[in-house]
Every structure is written in structure tokens, then in C-alpha cells.
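Participant:
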Amino acid sequence: MPSRGVSPHRSLLVLIAVGVCAWGGLVRPAPLAAELPSIRLHRLQPLGAAAGSSVEVEIQGADLEGLDRLLFDHPGISAQPVPDKERRFLVSVAPDVPPGTYDVYLSGRFGVSNPRLFMVTQGLGDVADQGQNHSPEAAQPVAIDSAINGVADGNAVDFYRVPLVAGQRVLIDCHAQRLDSELDGVLALTTLDGRPLASSGDYFGQDPFLDFVAPVDGDYVIALHDLSYRGGAPYRLVVTARPQVELVFPAAVQVGQTATLTALGRNLASVGGRPSAWRLGDWPLEELTFPLQVSPELLERGEFRFRDHPRHHSTAPTAATCTLVGAQVEVPGVNAAGSHPPVLATSDKVVLESEPNDNQDAPQPLTLPLVVAGRFDPPRDADWYEFTPPEKGMYAFNVYCERIAGRADPYLVIADERGGRIHEIDDYGHRVNAFDGHLRDPSQEVSLEADRKYRVLVQDRYGRGGARYHYLLEIRPAEADFFPAVIHRSNPEPRGLTLFRGTADWLDVVVHHRGNVRTDVTITAEQLPPGVHMTPTTIVNDIRGTVVFWADADAPVFTGPIRLWATAEHEGRTIRREVRPYSRVRGNVGSSPQRELMLAVREEGPFELRIEPPEIEVAAGATADLTLHLVRHWPQGIGTVSIQPLAFPGTFHLGNFDMAAEVASSPLRITVQSNARPGRYTLSVLGQAQVPFHKDPASSERPQTLVSIPSRPVTISVVPPQP
Numbered sequence: 069m070p071s072r073g074v075s076p077h078r079s080l081l082v083l084i085a086v087g088v089c090a091w092g093g094l095v096r097p098a099p100l101a102a103e104l105p106s107i108r109l110h111r112l113q114p115l116g117a118a119a120g121s122s123v124e125v126e127i128q129g130a131d132l133e134g135l136d137r138l139l140f141d142h143p144g145i146s147a148q149p150v151p152d153k154e155r156r157f158l159v160s161v162a163p164d165v166p167p168g169t170y171d172v173y174l175s176g177r178f179g180v181s182n183p184r185l186f187m188v189t190q191g192l193g194d195v196a197d198q199g200q201n202h203s204p205e206a207a208q209p210v211a212i213d214s215a216i217n218g219v220a221d222g223n224a225v226d227f228y229r230v231p232l233v234a235g236q237r238v239l240i241d242c243h244a245q246r247l248d249s250e251l252d253g254v255l256a257l258t259t260l261d262g263r264p265l266a267s268s269g270d271y272f273g274q275d276p277f278l279d280f281v282a283p284v285d286g287d288y289v290i291a292l293h294d295l296s297y298r299g300g301a302p303y304r305l306v307v308t309a310r311p312q313v314e315l316v317f318p319a320a321v322q323v324g325q326t327a328t329l330t331a332l333g334r335n336l337a338s339v340g341g342r343p344s345a346w347r348l349g350d351w352p353l354e355e356l357t358f359p360l361q362v363s364p365e366l367l368e369r370g371e372f373r374f375r376d377h378p379r380h381h382s383t384a385p386t387a388a389t390c391t392l393v394g395a396q397v398e399v400p401g402v403n404a405a406g407s408h409p410p411v412l413a414t415s416d417k418v419v420l421e422s423e424p425n426d427n428q429d430a431p432q433p434l435t436l437p438l439v440v441a442g443r444f445d446p447p448r449d450a451d452w453y454e455f456t457p458p459e460k461g462m463y464a465f466n467v468y469c470e471r472i473a474g475r476a477d478p479y480l481v482i483a484d485e486r487g488g489r490i491h492e493i494d495d496y497g498h499r500v501n502a503f504d505g506h507l508r509d510p511s512q513e514v515s516l517e518a519d520r521k522y523r524v525l526v527q528d529r530y531g532r533g534g535a536r537y538h539y540l541l542e543i544r545p546a547e548a549d550f551f552p553a554v555i556h557r558s559n560p561e562p563r564g565l566t567l568f569r570g571t572a573d574w575l576d577v578v579v580h581h582r583g584n585v586r587t588d589v590t591i592t593a594e595q596l597p598p599g600v601h602m603t604p605t606t607i608v609n610d611i612r613g614t615v616v617f618w619a620d621a622d623a624p625v626f627t628g629p630i631r632l633w634a635t636a637e638h639e640g641r642t643i644r645r646e647v648r649p650y651s652r653v654r655g656n657v658g659s660s661p662q663r664e665l666m667l668a669v670r671e672e673g674p675f676e677l678r679i680e681p682p683e684i685e686v687a688a689g690a691t692a693d694l695t696l697h698l699v700r701h702w703p704q705g706i707g708t709v710s711i712q713p714l715a716f717p718g719t720f721h722l723g724n725f726d727m728a729a730e731v732a733s734s735p736l737r738i739t740v741q742s743n744a745r746p747g748r749y750t751l752s753v754l755g756q757a758q759v760p761f762h763k764d765p766a767s768s769e770r771p772q773t774l775v776s777i778p779s780r781p782v783t784i785s786v787v788p789p790q791p
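Every letter in the sequence shown is one number past the one before it in the numbering used here, and letter 106, counting from 1, is 174.
#1: Going by other Cβ atoms of all chains shown within 10 Å of its Cβ, with 16 needed for buried, is N217 buried or exposed?
#2: Do H377 and T189 have their C-beta atoms within less than 8 Å of each other?
#3: Evaluate I490 with the Cβ neighbour count: other Cβ atoms within 10 Å of its Cβ, from every protein chain shown; 16 or more gives buried, anything less gives exposed.
#4: Roughly how many whole angstroms lie between the Cα atoms of M462 and N584?
#5: With C-beta atoms as the reference, is S249 less than 8 Å away from A327?
#6: Could you name the residues that DSSP lists as bridge partners for M727?
#7: Indicate the three-state DSSP secondary structure (helix, strand or coil) for I472 in the structure shown.
#8: Does the structure place the segment 637 to 649 close enough to the segment 594 to 610 that three or more beta carbon pairs sit under 8 Å?
#9: Is it right to say E421 is buried, meaning 16 or more other beta carbons lie within 10 angstroms of its own, or is it exposed?
#10: Of the residues D287, R645, V306, S175, which one's Cα is nearest the Cα of P276?
#11: Name the DSSP beta bridge partners of V439, please?
#12: Going by beta carbon distance, what residues of the same chain come within less than 8 Å of E454, once the five residues before and after it are set aside?
#13: By the 10 Å Cβ neighbour count, where 16 or more other Cβ atoms means buried, how is P97 classified, buried or exposed?
#14: Between V753 and the rest of its own chain, which residues show a CB-CB distance below 8 Å, the 5 nearest in sequence each way excluded?
#15: Residues in its own chain within less than 6 Å of Q245 by CB, not counting five upstream and five downstream?
#16: For E365, report the span of its alpha helix (DSSP H) as first-last.
#17: Count the other C-beta atoms from every protein chain shown that fall within 10 angstroms of the C-beta of T391, then say buried if there are 16 or more, exposed otherwise.
#18: Reducing DSSP to helix, strand and coil, say where L247 ends up.
#19: The beta strand (DSSP E) with V589 in it runs from where to where?
#20: Leaving out the 5 sequence neighbours to the left and right, which residues in its chain are closer than 8 Å to S659 when beta-carbon positions are compared?
#21: What are the start and end residues of each continuous alpha helix (DSSP H) run of 4 or more residues lying completely inside the segment 356 to 410, in chain order?
#22: Can you tell me whether R347 is buried or exposed, with buried defined as 16 or more other CB within 10 angstroms of its CB?
#23: Please classify A196: is it buried, with 16 or more other beta-carbons within 10 angstroms of its beta-carbon, or exposed?
#24: The beta strand (DSSP E) with P629 in it runs from where to where?
#25: Buried or exposed: which applies to A553, given that a residue is buried once 16 or more other Cβ atoms fall within 10 Å of its Cβ?
#26: Judging by CA-CA distance, which residue of E672, R298, D477 is the nearest neighbour of Y496?
#27: Measuring CB atoms only, is the segment 228 to 241 touching the segment 276 to 291, in the sense that at least three cross pairs come out at less than 8 Å?
#28: Could you tell me whether the Cβ atoms of L694 and F675 are closer together than 8 Å?
#29: Closest by CA to A757, which one among F140, Q128, D726?
#30: How far does the beta strand (DSSP E) with T783 in it reach, from first residue to last?
#31: Counting only the same chain and skipping the five closest in sequence on each side, list residues whose C-beta sits under 6 Å from that of P209.
#32: Just to confirm my understanding: we take P458, look at its own chain, exclude 5 residues before and 5 after, and list those with CB closer than 8 Å. What are they?
#33: Which whole-angstrom value describes the C-beta separation of R304 and A215, a residue pair presumed to lie in contact below a C-beta threshold of 8 Å?
#34: Taking C-beta to C-beta, are E365 and A337 nearer than 8 Å?
#35: Is the number of C-beta pairs between the segment 570 to 588 and the segment 524 to 544 that are closer than 8 Å three or more?
#36: Just to confirm, does H377 get its C-beta within under 7 Å of one of the non-hydrogen atoms of the ligand SAM?
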């Protein structure tokens, strides 16, 4: 890596160029076409490995110059470059790594990448797709309890031949979309002579799944292809007769209590299960009852802990679990990736739905607060409940379905005791830039009267029913709370958070508030490396904002995780929540949770912006008179820098202006409107400039490239207007 004395044109920056748009009173950046390099991970192949094994992985991505390592979010998974093989690493998985999915990142000359998913299994033999199996006659032999790492070929079908014993129940599960692959898989099972036996398309989200009991001894043929016969998309096809869990019921546990849960799945008899009355498709399910306690920390910290990235609830990855407090659970005796169903952790009593309650004149009585574990049993099932609020006030109504991997699209109706509709609640969640937290679950606070009976209807909008259509109904007095999340503002491709010395970058913040109140939320950082800073950032009475990070000019090179926390005060109560990190999956499709927020520091960037003083008090209706300082680290080729607000709240105003090539500082006047709510606001401006850059330091051609860099923030304490 060149020193600071090397030509500035060798310095690198990865920041998305942005324009300006308005939304909900905020000035928001919008992407432009140009940008400087940022390492990106598009895909890896194979998509997984068995615990206790090693596998050679090939990387595909962009801006991979200087690629030096792979980083995983579990210490038991490591990687070493394969000598003389570009973009190939030997990934080793320790024997004690639990089955599940893990984030993998690239580290290189251009920082740290976005994550992709890597699957770890236990007790399965890894098989590589030989690539010559494009006809039933050339079907590749595989054994039961195998995980096949393959790649779909364009205009082709991959065939595998598997031996089965009469009565043997085999599960064929294609992990693709759940592992960030673009494969839209179609599965089929036939006899050797081509007689069709079973087929599947979208089952776990976009991924197909087959459940089959062999009628006779013999070999059977598995066929897998992309729905549109596109090529190049990887998959991990699991063929097993081992236990698998579909869901648990009830999917809620009261903290401090031991709950009895029933797992529904397949091949559970081998671990103490028994036949179930429930069926999915042509085959009955089995069930296994087990006790479970959840950690009080889940409620205290507002966390959701997962073993498998929650992808199987939707055909597109979403941030649906961003408002779920709980964990994915491990069912005793079941040791399979993808078999960790989610449960809600609650402080309230959990009761079961009691049929018949499908008529508003015969509702199930409830005593608040509580969580009801229900299910749409037959198609067109309608579940009615009745309760009397103990006191007048705001009450929170939450239906958890998509968040607990249920398949229904529920809606909720509140009626009086005569059946007159008072309120209807439907879909919920925020979509902000790369963050997609919109989901099918109803959630809202409603004002209710004391000593008055209310009836609640919960029903699937499309009248579906069955084992997978379970839900939770939470009714409790509204209480202030919030769920904070951050995501890189990248568009259209996902990227990581990389700081170049002397420059800054930012993340979008999204806050889901609870309790019919928007508390002021302050974001702080922990585990920042030397030379990296983030001003405590307050989001005042809003659902969105930004946090800006910057690196000193002499900050050491770094790649690793950091943590963000969010704190709010409400009526003498302090609420502290860990900020959940998310990543864009690809293009404009989906966002996925991460266990860690990764940050990288690299060499010197082109320029930096600082606002002085860094903190100021201003009365509403007045003007904050500040100074904006511009330091050009690359002395040649950086001319005019255009300045604009970065995500200002609607009550703050700053006109766009330019800082010419000879200008090092400029007045910065931010007008605070008279209706601005008192509080501490953390604001930054955005600087855009054309800089000469080429990825090859030796190149004589250095085309102008538009880059955008936020300033170090200013904290403006707004006080009431002066009399």
C-alpha cells in the first residue's frame, strides 16, 4: 500500500455518488451513475461445507484487486488463499461449528465487502456436481444424507440418482435463494424409466422442497433446473432421511417460565417423535414435544438471535424479523441447518387458541395482557376473540406470522360487542432506501375504553389454512419501545462500510417505534478501531436518519466488526437496544440481517469536510451560523466541491452551494424553522466533486469520477423560540 507521499491519484475512495430527493420532509441522497471502486462479493461456490471438513471455494465479485482474505462471523470457520489459484480459498470448518448459515465477507485493497451466506451442515457427506449429468441416463449417483454443491447450467437440467428403500422417507431440499443465490429452482422426482412421482417449486421462499416416501426398493432420479433455465447460479441440494423440523407450536415463550412446545416435522420418530394429525401435501407430519426456556436478556436487550438467516418466509429476502424479539430454537435430537424455527420471547402469558371460535357470536374470551398462539386450521377459518380492557388507554395489537415463518397474510379487525367494526389493521413496516422491513403482519396501537367489551377477528386474507398457517396475537397496553436498524446506503449493488483515511461514510438508520410514541433515539458506537470516530447521533421524533463515520488521516488499516447501540429516555425509563445491522442482497431486491457490522479502514481519500464548531445551541426560528472547512488530500485535480444537505429533517434548511477550487472554508448557515421540535439534532452535509482516478496507479489515463463524501457531523441543540 502506498504511503501518503505517493501521488494522490493512487489514493482510493469508495463512496456512492448521490443526488437529492425529498421524502417525508427529509432531503435524501439519490444515486448517480459514477463512483470509485468498492470491493463487492457477488457469489461464492460452493455454498457450504460440512463441519469438520475443508472445501475449496471460488469467489466472484467486483473490484477484487488486492483480495487477501475471507472473513466469517464464526471463529470456527477460516479461509486461506489457494496458491497459484486466483480468487480461490480453502475454507476450513471446525467440527464444533453448529449447523446453520454464516456471513462471509471479502477483504482487499478496496475495503470490506457486503456479506454472502455460507451454509454449515453436520452428519452429511459433501458431493460436488460433476457437471456431466444433463440427462436421466447420465444422472450422477449420490447417497442418502448427502449435500450436493452444484451450479445450474443454462438450458440444462441436473440429474442425480439416489437409492431408496421401500418405506424410506426422503427429504430433498434445494438451498439457493436462502443462500443468496439467484437460482429459482424447480425440483422433480421420477422413477428410472421417467415416470413422474413428485415436483416442487416455491416452498421455502423461492426454494423447492420434496417430501417423498419410497413405494419400492430401487433407484430414483432427482431433476433440478432453474425456472427460466438460466445458468451460473449455485445451489446446495440436501438429500436426507434425517429429522427435519417445519415449525414449532406455540411459537411464543413467556420469559421466566418453562414452555412446552411441539415441533412439527418429518422423520422425527428416530428422536422420540410420534405421528401427528397434521399433514402437508400428500404426507403426514410427525411431532415431538419438548420443554423450552428463553433468556431474559432477549427482552432486556430487544434481540432476535438466529442460527439460520431468516429467509424461508418470503420469495424475496426481507428484514421482516427486524421487529421480532426472540430466537430460533434447536429442537432436541434435530441437528440440521434450516430446522431452527423462530419463537417470540414475551413477558406476557401465552395461551392457546381454543376452537370453535369461528363465529363473532361465540368468541374466545381473553384476559389482557397476553399472547395467543393460533392457527388457521381449515381453509377460510376465522378466529374471533373477546376481551374487556382493564383501563382506558392505548393498546398495542400485534399479529406475528411472517416474522415467525408462518405462511398466512393475516389481517385484524376490532369490533364492538354488537359486531360494528371500529378498526382494521393490515401490513406493517418501513421501506427506506436499501432497507425493506415491510411485512404481512398487522401491527398498530389503538385507543380503547375501559369496561367495554371488544371483539377481535384474525383471518388470512386469502382464506388459506393448514399446519403452516400459524400466528401469534399479542394484545397489551402500549408501552414505549423501539427497534433500531442500520444498512449501508449503497445503491444499486450491496457494499460494505469502508472508510478511507481523512474521509467519511454513512449508514442509513431505520427506527420502528412502539407504544404510540416516537422517542428521541441516540446512536453510539463501541469497538471502533483507533483513528475512527462517530459522533453520538440523535434521531429526534423520526423513523429514519443517518450515522456518519470518519477516519483520521493517520488511522491504521483495519478490517473488523463494530457495534452500535441505541438509547432513549421516556417518562424516567431508559431503553437501550443493540442496533441491528442489515445488508442489501442485490440490486433493488431484499435486505438481510447480519450478526455483525463490519468496517474497514484503507488508504488516503481525496478530501474531507469539517463543520465548526462541532456543537451549537440555536433557538427555533433562528439560524445556526457555522463554518465548513474543506481539506483536499489530493492536491491535484480536485476542483469545485458541491455542498448539499445530507438527510436533513424537514424543519432544517440549507441551500446548495459550491466551494471553488481555491476555497478552503465557507460560511454554513442552517435555518431552523420556528416549529422545530426542541432536541439534539445530529446533521451532516454532503460534498460532491469530480476527481481524477484510475484503478491502475501506473495508468496515464485518469478519467474524472464523481465521488461523494459526508462531513463530520454538527450537533445542533434546538431550544424553544425566544420570546
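Ideal placement from N, C-alpha and C gives every residue a C-beta, glycine not left out.
Facilitator: A quick look at the data gives this:
#1: Counting from 1 along the sequence shown, the entry for residue 217 is found at position 149. That one is buried.
#2: For the purposes of this step, residue 377 is taken as the residue at position 309 of the sequence shown. For the purposes of this step, residue 189 is taken as the residue at position 121 of the sequence shown. Against a cut-off of 8 Å, the Cβ pair of T189 and H377 comes out as no contact.
#3: Locating residue 490 in the sequence shown gives position 422, counting from the first residue. Label assigned to I490: exposed.
#4: Your numbering for residue 462 matches position 394 in the sequence shown. Your numbering for residue 584 matches position 516 in the sequence shown. Answer to the nearest angstrom: the Cα atoms are 8 Å apart.
#5: Position 181 of the sequence shown, counted from the first residue, corresponds to residue 249. Position 259 of the sequence shown, counted from the first residue, corresponds to residue 327. The Cβ atoms of S249 and A327 lie no closer than 8 Å to each other.
#6: Position 659 of the sequence shown, counted from the start, is the residue given in the question as residue 727. According to DSSP, M727 bridges with V709.
#7: Translated into the one-based positions of the sequence shown, residue 472 becomes position 404. In this structure, I472 counts as helix in the three-state DSSP scheme.
#8: Here the segment 594 to 610 makes no contact with the segment 637 to 649; the two share fewer than three CB pairs at distances below 8 Å.
#9: For this step, residue 421 is matched to residue 353 along the sequence shown. Under this definition E421 is a buried residue.
#10: The residue labelled residue 276 in the question sits at position 208 within the sequence shown. Answer by Cα proximity: V306.
#11: Position 371 of the sequence shown holds residue 439. DSSP, once it has assigned bridges, lists V418, E542 as partnering V439.
#12: Mapped onto the sequence shown, residue 454 falls at position 386. Same-chain partners within the cutoff: P431, Q432, P433, L434, E485, K521, Y522, R523, V524.
#13: If you number the sequence shown from 1, residue 97 lands on position 29. Unreliable positioning characterises P97 in this predicted model, as indicated by a pLDDT of 42, which lies under 50. The coordinate reading is nonetheless provided below. Buried: at least 16 other Cβ atoms inside 10 Å.
#14: Within the sequence shown, residue 753 is the residue found at index 685, counting from 1. Cβ-Cβ distances below 8 Å link V753 to L677, I679, L696, I711, Q712, P713, L714, L722, L736, P778, S779 in the same chain, with the five nearest sequence neighbours on each side left out; the list follows chain order.
#15: Position 177 of the sequence shown, counting from 1, holds the residue named residue 245. So the qualifying residues of the chain are G273, Q274, D275.
#16: In the sequence shown, residue 365 corresponds to position 297, counting from 1. Going by DSSP, E365 is part of the alpha helix (DSSP H) stretching over 364 to 369.
#17: In the sequence shown, the residue the question calls residue 391 occupies position 323. Around the beta carbon of T391, 16 or more other beta carbons lie within 10 angstroms, which makes this residue buried.
#18: As a first step, residue 247 is located in the sequence shown; it is residue number 179 there, counting from the start. Helix.
#19: Counted from its first residue, the sequence shown places residue 589 at position 521. Element bounds for V589: 589 to 594.
#20: Position 591 of the sequence shown holds residue 659. The residues are P385, T386, A387, A502, F503, D504, G505, I555, Y650, S651, R652, V653.
#21: 364 to 369, all fully within the segment 356 to 410.
#22: In the sequence shown, the residue the question calls residue 347 occupies position 279. It is exposed - the Cβ of R347 has fewer than 16 other Cβ atoms within 10 Å.
#23: By one-based count along the sequence shown, residue 196 stands at place 128. Exposed, by the Cβ-count rule.
#24: One-based indexing of the sequence shown puts residue 629 at position 561. Annotation: the continuous beta strand (DSSP E) that includes P629 extends over 626 to 638.
#25: Taking the sequence shown and counting its residues from 1, one reaches residue 553 at position 485. Its Cβ being crowded by 16 or more others within 10 Å, A553 is buried.
#26: What you label residue 496 is simply residue 428 of the sequence shown in a count that begins at 1. Of E672, R298, D477, the residue nearest in Cα terms is D477.
#27: Between the segment 228 to 241 and the segment 276 to 291, the count of Cβ pairs shorter than 8 Å is three or higher; the stretches touch.
#28: Locating residue 694 in the sequence shown gives position 626, where the first residue counts as 1. Locating residue 675 in the sequence shown gives position 607, where the first residue counts as 1. Annotated as distal: L694 and F675, with beta-carbon spacing of 8 Å or more.
#29: Taking the sequence shown and counting its residues from 1, the one referred to as residue 757 is at position 689. Distances from the alpha-carbon of A757 to those of F140, Q128, D726 put D726 closest.
#30: For this step, residue 783 is matched to residue 715 along the sequence shown. Here the beta strand (DSSP E) through T783 covers 782 to 787.
#31: Locating residue 209 in the sequence shown gives position 141, counting from the first residue. Excluding residues up to 5 positions away in sequence, R229 lie with their Cβ nearer than 6 Å to the Cβ of P209 in the same chain.
#32: Locating residue 458 in the sequence shown gives position 390, where the first residue counts as 1. Answer for P458: L436, A518, listed in chain order.
#33: One-based indexing of the sequence shown puts residue 304 at position 236. One-based indexing of the sequence shown puts residue 215 at position 147. Approximately 6 Å separates the beta-carbon atoms of R304 and A215; this is inside 8 Å, confirming the contact.
#34: Numbered from 1 along the sequence shown, position 297 holds the residue referred to as residue 365. Numbered from 1 along the sequence shown, position 269 holds the residue referred to as residue 337. Contact: no.
#35: Here the segment 570 to 588 makes no contact with the segment 524 to 544; the two share fewer than three CB pairs at distances below 8 Å.
#36: No copy of the ligand SAM appears in this structure; indeed no ligand is present at all.
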